[in-house]
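In the numbering used here, the protein residues as written are 13 to 285.
I have placed the structure first, in the form of C-alpha cells, so that the comments after it can refer back to it.
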Amino acid sequence: MSELLNEISKSVRFIRQKTSFGPEVAIVLGSGLGEVVSNLETETEIPYSEIPGFPVSTVKGHSGNLLIGMWNGKKVVAMSGRFHYYEGYSLQQVTFPIRVMKMLGAHTIFITNASGGLNPTIKVGELMVINDHIYLNGDHPLRGRNEEELGPRFPDQHAVYDKKLIEKALDVAEQHKIQLHQGVYVGVTGPTFETPAEYRYLRLIGGDAVGMSTVPEAMVANHMGMRIFCVSVITDEGNPLVPQKISHDDVVRAAREAGPKMMLLLSEMLQHV
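Shown next as C-alpha cells:
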C-alpha cells in the first residue's frame, strides 16, 4: 500500500471510530461561511488537529473542525474551514480531506468559497454557481504517482461541475428569489489580492470570479468520480477602472452577510442528491 493510501486509511479508521454515520454528501465551507451549517444536526465534531494526516487551518474565518450529522434528511460530513496552498501546504495536503470524505462514503460534494468578482454584472453579496474553471496555479494536486484505486492517471475535465445540479440550483434560486449567477471561476495561488492589471487579464481570458481555493479540491473530487457542485459568494469587486483596497476582514464580513442565502440554497440542494 502506498503512503497516500495508508494515510487515507488511517484517517478513515480514526473517524469511523468516532461515528457510526456513513456520509452521503461532503461540504467544504469557505472563508466566513462556517455558520452555513448551523442547521446541521451534528452527531460528531472532530478538530482537524486530532485527525491523522489532516493539516490545521491557519486562516481567520476557518474554524478547523470536521462536522458529521444530518441536514435536511441527508447524512453529511462538513469541513468547517479548509486549507490553502498559500498557507505552505502541498496541494496533496490541501486536497487530502476530499479523498478522506469520499472514502467515508460521500458520493457528492458541495464546495463553497468567498471570491472576488470579475464580471461587472455580479455584485458583492450575490452568489455564483461555478460551471467551469481556469486554473492558474503552477502546481497540480494530481502531480506525481497516480493511485489507480483513487482514479485515472489522466482524468477528463469536460464536465467537472455537475450540470444537473447546476440546473436544479438555478430553479431553487428562482423559487426562493435568490440572485444566483453562473460563471467561470479562476483559481490562483494567493495570498495577495489581484492588481488592476491582473483583474483586466483574468476578465479578458473569460473569468467571472477569482479565488485562492476550490479548483484543486474540485479536480481531486473529479479524479475520484464525485458529483461536484460549487458556489462562490462574491465578496469584493475587481474593477480595474475603480481600484479599491481589499482586506481579508472585508471578505469574511461580506461572506457572513451572504451566509443565510448560501444556507438556504445548500439546504434545498440536499434534497436533489
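Virtual Cβ for every residue (Gly too), placed ideally from N, Cα, C.
Proximity winner among the options, relative to residue i (alpha-carbon distances)
i, options, result
"Pro-109", "Leu-277, Leu-282, Pro-153", "Pro-153"
"Val-243", "Ser-21, Ile-20, His-170, Val-48", "Val-48"
"Thr-120", "Ala-230, Thr-107, Ile-258", "Ala-230"
"Ile-142", "Glu-159, Asp-262, Tyr-173, Asp-248", "Tyr-173"
"Ala-171", "Ala-233, Arg-165, Gly-199, Ile-27", "Ala-233"
Through-space distance from residue j to residue i, alpha-carbon basis
i, j, result
"Lys-114", "Ser-69", "20 Å"
"Gln-105", "Ser-61", "14 Å"
"Val-227", "Gly-237", "15 Å"
"Leu-103", "Pro-272", "30 Å"
"Leu-139", "Arg-265", "15 Å"
"Pro-288", "Pro-67", "Nothing about residue 288 can be reported from this structure: the residues present for the chain run from 13 to 285 only."
"His-260", "Gly-44", "10 Å"
"Val-71", "Phe-205", "15 Å"
"Gly-199", "Ser-21", "29 Å"
"Lys-189", "Thr-54", "29 Å"
"Gly-76", "Gly-93", "5 Å"
Own chain, CB closer than 8 Å to residue i, minus 5 neighbours either side, in chain order
i, result
"Leu-52", "Leu-79, Gly-81, Met-82, Trp-83, Val-88, Ala-90"
"Tyr-97", "Leu-103, Val-106, Asn-149, Asp-151, Thr-201, Gly-202, Met-224, Pro-228"
"Gly-34", "Lys-87, Leu-116, Gly-117"
"Leu-182", "Val-141, Leu-192, Gln-194"
"Glu-269", "Gly-137"
Whole-Å CB distance - residue i paired with residue j, under 8 Å assumed
i, j, result
"Gly-219", "Leu-130", "5 Å"
"Ile-39", "Phe-122", "5 Å"
"Gln-194", "Ile-178", "6 Å"
Buried or exposed (CB count within 10 angstroms, at least 16 for buried), residue i
i, result
"Lys-2", "What the structure shows of the chain is the stretch from 13 to 285, and residue 2 is not part of that stretch, so it cannot be assessed."
"Phe-322", "Residue numbering for the chain in the displayed model covers 13 to 285; residue 322 lies beyond these limits and cannot be assessed."
"Ser-32", "exposed"
"Gly-42", "buried"
"Thr-124", "buried"
Contacts around residue i, its chain only, beta-carbon distance under 6 Å, and the 5 residues preceding and following it disregarded
i, result
"Lys-86", "Glu-36, Val-37, Leu-282"
"Asp-144", "Val-196"
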